[in-house]
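Chains as they are written, first to last, in the UniProt record's numbering: chain A, 1 to 329; chain B, 1 to 329.
There are 2 protein chains.
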Amino acid sequence: MVSIRVGNPSHDFVSALRILPSDEHQLVAVAARDLKSAQEFARIHGIPKAYGTYDELVGDPDVEVVYVGVINPHHLATVKLVLSHGKHVLVEKPLTLNEKGSQELMAIARRHNLFLMEALWSRFLPSYDFVMNAIKTGAIGQVYHVDVTFGKAVADEAKLARKALGGGTFMDIGIYTLNVVLMAFGDEQPLEVKAVGHLNQYGVDESVSAVFKYSDGRTANIATSARVNLSCEAHIVGTKGTIKIPFPFWCADKVYLNDVLHEFAFPPAAEVCNFVNSSGLRHEAVEVRRCLTSGRTESEVMPHEASRGLARLMDEIRRQVGVKYDVDD
Amino acid sequence: MVSIRVGNPSHDFVSALRILPSDEHQLVAVAARDLKSAQEFARIHGIPKAYGTYDELVGDPDVEVVYVGVINPHHLATVKLVLSHGKHVLVEKPLTLNEKGSQELMAIARRHNLFLMEALWSRFLPSYDFVMNAIKTGAIGQVYHVDVTFGKAVADEAKLARKALGGGTFMDIGIYTLNVVLMAFGDEQPLEVKAVGHLNQYGVDESVSAVFKYSDGRTANIATSARVNLSCEAHIVGTKGTIKIPFPFWCADKVYLNDVLHEFAFPPAAEVCNFVNSSGLRHEAVEVRRCLTSGRTESEVMPHEASRGLARLMDEIRRQVGVKYDVDD
C-alpha cells in the first residue's frame, strides 16, 4: 500500500500502517507533486520509492493499493487515475465533494472490479465495533435519538476555511457527526433534514446545526463548529439505555454503555502523529487487506452505499446552508 | 399568596412556599373545581380557606396574589378572571398556549397595573443566576453555541399526551430547553428556526428536535422526547470556555464553569414533593414578593418580553412539526 500526498493525514496514516506486520502491509512508494516532499516523506517512513508525479506512482507494477490523501477537490480526478491503472484504492474522507462525484467513482470501481473505500476511520475502530454490536444485540433497546457535536476553534485553518481547497467545517469534521447518526440508524436515510449554518468570507460553512427526522418516532441532532470547542461527544439513546461516546468521539478509546465504561486502548504509532489517536488509522488498512484477501471489492463496514448516503446528506445540508462547490453544477 | 388547582405542580409549589418566612408569604386560600380536593389540599398544607369555585377565591379580599396551576388550556380564562378582580398573578408555565393568548394577558395586566409572571422556575434559581452572571462577566467569552436536551420516557402521561389538556412534550418539558437558549442569548429572537418532530395519536408532539440560527455566527440545538431519557444537560459554549449544566439542568443544583464544579444545594420542602428539587420553586415566590414590595408589575428575571419570545418560538416550532391547538385559529 502506498500514499499519495505527504500532508498530515498521510503522515499519520503511514505511521499507523507501520505498526502492522510487514509481511501483510508493505509501503512500496509515495508520490507528491513536489518530488522533494515525497523524498523527505519516504526517508522518514523508510519507503523505497518516491515519485514527483502521480502518473509514475500508478504506473508502478509493485503498487497494489493506493491511499489517496490529496486535498478534497482532487479526490475525484486522482481516484479516477488510480482506478484507470487497475489499482485498488482507499480514499481519505470525504470520498469526493458530492454525491455525483462519489457515484461516478463507485461506478468505475465496480466496472473494473476494483476495491474502493472511503477512509472514514471511525467505522473501523474497535470502539465503534463495540457500539454497533451493542445496538444490534439490543443493549439499549430501540434507538430513538442520536445527538453528536464536533467543534474545534480552528476557523483560520486554510484547509477548513478555503472553498478552493474543498473547505467547510462540515466536510472536514461535521462528517464524523453524520457518520454516527447513519451508523446508529443502519445507514438509513432520514425522512427529513433541516439545517442552519454560518458561512465564512470564502463561502464555506464555519458552523452547521442540523436535525433529522426518521420514521417511527426517531430523531437526531448534530452540531459542528470551527469557532468554539463543542463537547465532541456522541449520545445514542434507546428505550432501554444510552451509549455515550465521550470526547474524542470520532476516534473513541472509551464508550459508556448504560453508564458502564469500556476502554479501547490505542497503541503508539511509528512516528509522532499530528492528530489524536492516529494509530487507530491502522484499522482501516487492516480492513482493506481483509477485503482484498477475501476477494471483496467493497467493505461491509463502509460499503459504497454508506458513502453515497453520507454524500447525499452532506449535499442536502450544504444546499440548505448555502455552500456550493464548482463541481455541484 | 394562594393556589388554584390542586395538582402535582401546585402541591410542590405550596410545599416550597411553606419553607419561606410566614410573615412574608401567607397561604390564604385554595380553590379547585372539586371542593373536596380543595379541602384536602388545605388540610395537608394548613391553608385556612378552601373554595369549590375560582369565583369565590378571586372574590376573597384577603387574597393578594394568585398562583394559577390549572391545566394549560385553562390558563388564559383563569388568569383573565384573576386579573379582572384586581389580583396579581403568577402563572405556571406555559403562560398560555400561544403568543396571541400570552399577549392578551400581558395587555390586561398592564392596563390594570397588575403583576403578571410566568412561573418558569429555572430562571429564578441560584444556579441560573450564577450562569447568567458568568455569561455577563465574560467567563466563557462570546457565546457561540447552546445545546440542550430534555427527554423522559413518559409518553403515556395524559398531561403530555392529550391535546385537550394542552399536551405536547415540547409544551411541558421542551420549554425548558428553549428557555436556556433564550437566556444564553439575552432573550434575543433567532434569525431562523428549523424543527422536526413526531406526533402521537392525539396530534401533539412526542419529540421535537430544533436548530436555531442567530446573528454573528451563533447557533443552538435542542432536543426533547417523551419516548426516551435524554442526557438532560445544557451546554453553553463560548470562545473562552463552556458552561455545562448537568442533569437535571432545568432545576440545576450543579454548574460546571470551565470544568470547575459549583454547587447550589436545595433545602427540603415542607412536604414530600412530586418532582425533583421542587423546594427550588420557592425562588419564584420570593421574586413575586420582591417585585410587589418594590412596586414592580413585571419581573426583570422573567419579563413579559421573555414570555412573549418563548411563546413565539413555541408557536413556530409547533407550526413546523404540525401541532395545532383550537385556540390557534
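Quick reminder that beta carbons are idealized off the backbone N, C-alpha and C, glycines included.
- Annotation note: the UniProt domain "GFO/IDH/MocA-like oxidoreductase" (133 to 243) of chain B contains the following uninterrupted alpha helix (DSSP H) runs of length 4 or greater, listed N- to C-terminal: 158 to 161 and 175 to 184.
- For B:P248 and B:T177, the gap between their C-alpha atoms comes out near 11 Å.
- Counting along the chain, the unbroken beta strand (DSSP E) around A:A31 starts and ends at A29 to A31.
- In terms of Cα proximity to A:G86, the closest of A:G101, A:A265, A:I108 and A:C291 is A:I108.
- Taking 8 Å as the cut-off between beta carbons, the residues of the region 182 to 200 of chain A near chain B are E192, K194, A195, V196, G197 and H198, in sequence order.
- Segment contact: the region 28 to 42 of chain A against the region 272 to 286 of chain A, fewer than three CB-CB distances shorter than 8 Å; contact not assigned.
- A contact between stretches requires three or more CB pairs, one per stretch, nearer than 8 Å, and the region 241 to 257 of chain A fails this requirement with the region 155 to 171 of chain B.
- The bridge partners DSSP lists for B:V89 are B:V66 and B:L116.
- A straight line joining the alpha-carbon of A:V327 with that of B:F266 spans about 58 Å.
- With respect to the 8 Å criterion, A:T149 and A:A223 are classified as neighbours on the basis of their beta carbons.
- Chain-order list of chain A residues neighbouring B:K213: V196, by C-beta distance under 7 Å.
- When beta bridges are read from the DSSP output, A:V323 appears opposite no residue.
- If you look at A:A38, you'll find it in the alpha helix (DSSP H) that goes L35 to H45.
- With a threshold of 8 Å between beta carbons, A:N113 makes no contact with chain B.
- At a Cβ-Cβ threshold of 8 Å, A:A119 and A:L90 count as neighbours.
- Buried is the label assigned to A:V65, since at least 16 other Cβ atoms lie within 10 Å of its Cβ.
- With respect to the 8 Å criterion, A:V154 and A:I236 are not classified as neighbours on the basis of their beta carbons.
- Between B:F13 and B:V288, the C-beta spacing is not below 8 Å.
- Listed along chain A are T149 and A223, each with a C-beta nearer than 7 Å to that of B:D147.
- Here A:P268 has S279 as same chain residues with Cβ atoms under 7 Å from its own Cβ, once five neighbours each way along the sequence are excluded.
- A:R5 counts as buried, since no fewer than 16 other beta carbons sit within 10 angstroms of its beta carbon.
- With 16 or more other Cβ atoms inside 10 Å of its own Cβ, A:E233 counts as buried.
- Near chain B, meaning a CB-to-CB distance below 8 Å, the residues of the region 132 to 147 of chain A are Y144, H145 and D147.
- Pairing A:Q103 with A:I173, the inter-Cα distance amounts to about 22 Å.
- For the C-beta of B:G238, the chain A residues within less than 7 Å are, from N- to C-terminus, V228.
- A:I245 carries a strand assignment under DSSP once its states are collapsed to helix, strand and coil.
- Separation of the CB atoms of A:S307 and A:L95 is rounded to 5 Å, and the pair is thereby assigned contact status at 8 Å.
- Secondary structure at A:E263: strand, using DSSP grouped into helix, strand and coil.
- Per DSSP, A:V255 is one residue of the beta strand (DSSP E) stretching across K254 to L257.
- Checking the DSSP bridge columns, you'll see A:K49 partnered with A:A29.
- The beta-carbon distance between B:H145 and B:T219, rounded to whole angstroms, is 5 Å. This is short enough to meet the 8 Å contact definition.
- With respect to the C-alpha of A:I19, the residue from A:V286, A:L182, A:H75 and A:T293 having the closest C-alpha is A:V286.
- Taking every protein chain shown into account, the CB of B:S22 has fewer than 16 other CB atoms within 10 angstroms, so this residue is exposed.
- For the C-beta of A:G203, not a single chain B residue is nearer than 7 Å; the gap to the nearest is close to 15 Å.
- Judged by DSSP in its simplified three-state form, A:C251 adopts helix.
- Nearest to A:A134 by C-alpha distance, out of A:V260, A:L199 and A:L105, is A:V260.
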